[in-house]
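Here's the structure we're looking at; comments come further down.
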Amino acid sequence: MASSLVSVLCCAPVAAQIHIPTYTGTPLMITGGVLNQQILQASVPGARPAAESKRAAQVSTVVPDGPSRMPRQLAQSYPPEARAEAERFFAELLSGYQGIERQFGIPRRDLAGAVAAFIAGSWMAYRGEPFPDRDFPPLVDQSRRILASLPQLREAAGPARQDTYEQLAILGMFMATTRMALDRQPDSVAAANLRQAAKRYLEQFLAVDAERVQLGPNGLSLE
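When you read off a place in the sequence shown, starting at 1, and then add 1295, the result is the number in our numbering.
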């Protein structure tokens, strides 16, 4: 995924200006280890993941289009004098994420892609290393299989789906582009702060120690 982010690196803040947005959980509440539980179940010999055993109940992971609200909401964690610039920056990241969708053939506004971007971007920031493009499609597919069987996705109103999509896409892009900006302009303090934030993101979203999170050719696994 790293090569796909070069075009939006111009938007990334330099180290001295980094203010990491607050992540408080998604509007759809797809936190608390939902993906974690599905992955662990799939790893048991002979077991079938819930997402595979409930195909008839699956729903589309593509969210409806509507007015964008998340750039402004995320900017509220910034100092008042910086909120307008932060909102503009987040809107640019969201627009830049559409390039990721196009490159990897992800349906426009597919929540599975946003989940994968959030996990991959946070993993990049936590590990301090690039995430290979070839491993991104399996992570998207894995996320889609699990999300499509979640009752909260089926029952959620359109605005909640859109807010979740936008939040995860923006935060994933923020983590990935900021990590890449730090590779070009190193700052040990900023890098440590980014790593701690990425650790919080992963652990809050997956409900597992960040050290256990592994990404590879088969998607996300827990060690």
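Backbone N, C-alpha and C define an ideal beta-carbon position, used for all residues, glycine too.
Restricting attention to 1464, 1518, 1459 and 1498, the CA atom closest to the CA of residue 1391 is found in 1464. In the DSSP annotation of this structure, residue 1480 is not part of any alpha helix (DSSP H), being labelled neither H nor E. According to DSSP, residue 1369 shares a beta bridge with no other residue. In terms of Cα proximity to residue 1387, the closest of 1441, 1467 and 1356 is 1467. Counting only residues of its own chain and dropping the five nearest sequence neighbours on each side, residue 1443 has a CB closer than 7 Å to the CB of 1346, 1353, 1354 and 1356. Going by DSSP, residue 1511 is part of the beta strand (DSSP E) stretching over 1508-1511.
As DSSP reads the structure, residue 1516 sits in a beta bridge with 1509. A straight-line Cα-Cα distance of about 19 Å links residue 1414 and residue 1358.
A residue is called buried when at least 16 other Cβ atoms come within 10 angstroms of its Cβ; residue 1508 meets this threshold and is buried. The Cβ atoms of residue 1323 and residue 1451 lie closer than 9 Å to each other. Collapsing the DSSP output to three states places residue 1435 in a helix. Inter-residue distance for residue 1449 and residue 1365 is about 21 Å (C-alpha atoms, whole angstroms). Note that the C-beta distance between residue 1456 and residue 1389 is not below 9 Å. Per DSSP, residue 1444 lies in no alpha helix (DSSP H) and is assigned neither H nor E.
For the set 1384, 1435, 1427 and 1360, the Cα lying nearest the Cα of residue 1396 is the one of 1435. By the Cβ neighbour-count rule, residue 1459 is buried, with 16 or more other Cβ atoms within 10 Å of its own.
Residue 1354 carries a coil assignment under DSSP once its states are collapsed to helix, strand and coil. Three or more pairs of CB atoms, one per stretch, sit closer than 8 Å, so the segment 1492-1507 contacts the segment 1415-1424.
Here residue 1405 carries a strand assignment [DSSP, helix/strand/coil].
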